[in-house]
Amino acid sequence: MNSIENKQDQGSKQREFGIFWALLPLIIMIGVMLYTVVGLEQGPHIPLIVGTVTAALVALKGGFKWKEIEEMMYKGIRLALPAVVIIILVGLIIGSWMGGGIVASMIFYGLQLLNPSFFLVAICLICAIASIAIGSSWSTMGTIGVAGMGIGMAMGISPGMVAGAVISGAYFGDKLSPLSDTTNLASGLTDTDLFDHIKHMLWTTIPALVIALGVYALLGQNVSGNIDAEQIATTASVMQENFLISPWLLLIPVLVIGMVAMKVPAIPALVVGAVLGFLSQLFVQGDTVTVALTALQEGYAIETGNALVDDLFNGGGLDSMMYTVSMTIVAMTFGGILEYSGMLKSIMNQVMKLVRNTGSLIASTISAAFITNATCAEQYISIVVPSRMFANTYRKMGLASKNLSRALEDGGTLTSVFIPWNTCGVFIFGTLGVGVVEYGPYALVNLLCPIISIIYAFTGFTIAKIDEGGGGTGGKKEPAEVNTELQHV
């Protein structure tokens, strides 16, 4: 471990920044982001680099040496490396599964079985069940979610609606799965029994899912009248002409999901999925090795003459994920400086001043997690930092630690998808091909959980006291012990 990490772990390296200086990099980054992304319709990379430069200058002013600032950036990047590996593998899977006819088979049979009126409800529930089984929103979105997007688009449903339903289901399952990394992280950092933590989250997550399904059902009824049955039939016919469609190909995604559910690490499971997709393209679809390798590297390419089918099946591959990888790295250099210099801590200290009662404490925890998602661009940090800062306050107010662990997930895990430069927002854009502005209003579970949690906080409903149980009193495990083992799955 290098010197800055040693000093950081001892708590002596961070500086106290005035709130103006702590906020300055964030204000400048967001201002440039709005002008660049909204005004000029350009990518978010340059605004994040501007924010990183500003944060570095503020850190220099605060007394840090340049070598120390570099280490902060590298430490931020190291935290994102597992996510980068997963992003690359998902790109390989999408390319190979498109070329191997796996995605085509999933879409073809989905079009036969799923009713457009209830498609949004169905895809949300399917993703929820899969995510509970494997504990991974990313793996769910990268497999079932991709097929769901294809089915929905073939039915003429808005990509934003479909992506929102996929995200809601994937994060619902991820949040409640005992296999989920974020679920284990939140319970571990707050010293809460894992299953007490999951049970406590049911109070906010189940109502959010029920409301979401109701809205998806209404949306489905509205869009079903616009469905062109002839277009669906034509799409299915064109797919049959260009791919060998077989139910046997569905065994590949079942195998990958089953491997993760059996606790096979995500990276080996995804590698197996990419290899099987590659072999399917060779021996089932009959393509050459060159074509199959091109699908892995550059993405699958097809020209059928049908615009919808071409749109569905042109994509994937390693190269398609480089935009996502580069933004993840840039975002984490920005977040690394904010976190390890102490600027983020200074911002969080101001948030703590708003705490007056249970309601404001939980609302502040959720807000702090959201702010961390926006500033550090990583959902893991949005759980680690607030857990460290709020644990003592929860104990002093006599609140069971499961209140804190639930607030961390409601404010951290779920809101990460609404930040375009957060690793989760970036992954969704790269995988599902839909941006935050499009899917945000329809990711209803993610939207509703924080709101429901805050309502409970101010009404006292489901708020547990320490003497009522709750799996511990908070925060005995050091964040550094957990961070080194984290990976997006």
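Its first residue numbered 122, the sequence shown is counted upward by one per residue in the numbering used here.
For every residue, glycine included, the Cβ atom is placed at its ideal position computed from N, Cα and C.
This one's a predicted model, so the numbers in the text were calculated from it and none came from an experiment.
| Query | Result |
| --- | --- |
| Sequence-distant residues of the same chain with beta carbon closer than 8 Å to M274, five excluded per side | P280, V283, L429, D432, L433 |
| Bounding residues of the alpha helix (DSSP H) (the contiguous stretch that carries P168) | 166-182 |
| Those runs of the beta strand (DSSP E) which lie wholly inside the region 329-377 and span at least 3 residues | none |
| Contiguous alpha helix (DSSP H) assignments of at least 4 residues, all confined to the region 532-579 | 544-553, 557-560 |
| Where G277 falls: helix, strand or coil (DSSP) | coil |
| Whole beta strand (DSSP E) elements within the region 442-486, 3-residue minimum | none |
| Where L161 falls: helix, strand or coil (DSSP) | coil |
| Test item: CB-CB of L310 and I504 under 8 Å | yes |
| Beta-ladder partner(s) of K196, from DSSP | Answer is none; K196 lacks a bridge partner. |
| Candidates I207, G212, Y563: closest to G436 by CA position | G212 |
| From V506, M383, A204, residue whose alpha carbon lies closest to that of G546 | A204 |
| With 16 other Cβ atoms within 10 Å as the buried cut-off, status of R527 | buried |
| Assigned exposure category for V538 - 16 Cβ within 10 Å defines buried | buried |
| Any beta strand (DSSP E) of 3 or more consecutive residues that is wholly inside the region 239-276 | none |
| Interface flag, G222 vs chain B, CB-CB below 8 Å | Absent here is chain B; the protein component of the structure consists of one chain. |
| N513 classed as buried or exposed, judged by whether at least 16 other C-beta atoms fall within 10 angstroms | exposed |
| Secondary structure of K517, DSSP reduced to three states | helix |
| Collapsed DSSP secondary structure at K134 in the structure displayed | coil |
| First and last residue of the uninterrupted alpha helix (DSSP H) at Q233 | 223-234 |
| Assigned exposure category for E558 - 16 Cβ within 10 Å defines buried | One detail in the question is off: residue 558 reads as Val in this sequence, not Glu. Answer is exposed; the Cβ neighbour count stays below 16. |
| With 16 other Cβ atoms within 10 Å as the buried cut-off, status of I228 | buried |
| The region 235-250 / the region 385-397 touching (three or more Cβ pairs under 8 Å) | no |
| Touching by the beta-carbon criterion (3+ pairs, under 8 Å), the region 456-471 and the region 239-248 | no |
| Identified DSSP bridge partners for Y501 | In DSSP, Y501 forms no bridge with anything. |
| Under 8 Å between C-beta atoms of N567 and E499 | no |
| Candidates T356, K523, S488, A338, of which the one nearest N305 by Cα | K523 |
| Nearest-angstrom Cβ-Cβ length linking G197 and G457, presumed shorter than 8 Å | 2 Å |
| Residues near G480 by beta carbon distance below 6 Å, same chain, minus five either side | A578, F579 |
| Burial state of L210, where buried means 16 or more other Cβ atoms lie within 10 Å | buried |
| Residue(s) in a DSSP beta bridge with G436 | Y421 |
| Nearest-angstrom Cα separation, counted from L553 out to E606 | Any reading at E606 must be qualified, since the residue scores a pLDDT of 39, below 50, and its modelled position is unreliable; the value itself is stated next. Between E606 and L553, the C-alpha separation is close to 27 Å. |
| DSSP bridge partner residues for K688 (one or two, in chain order) | Outside the displayed span of the chain (122 to 610) sits residue 688, for which this structure offers no information. |
| Option nearest T534 by Cα separation, candidates P168, S488, I373, C245 | S488 |
| Sub-8 Å separation of A286 and Y337 beta-carbons | yes |
| Cβ neighbour criterion (16 or more within 10 Å) applied to W259 | buried |
| Same chain, Cβ closer than 7 Å to A413, five either side skipped, listed in chain order | G220, F399, Q402, L403 |
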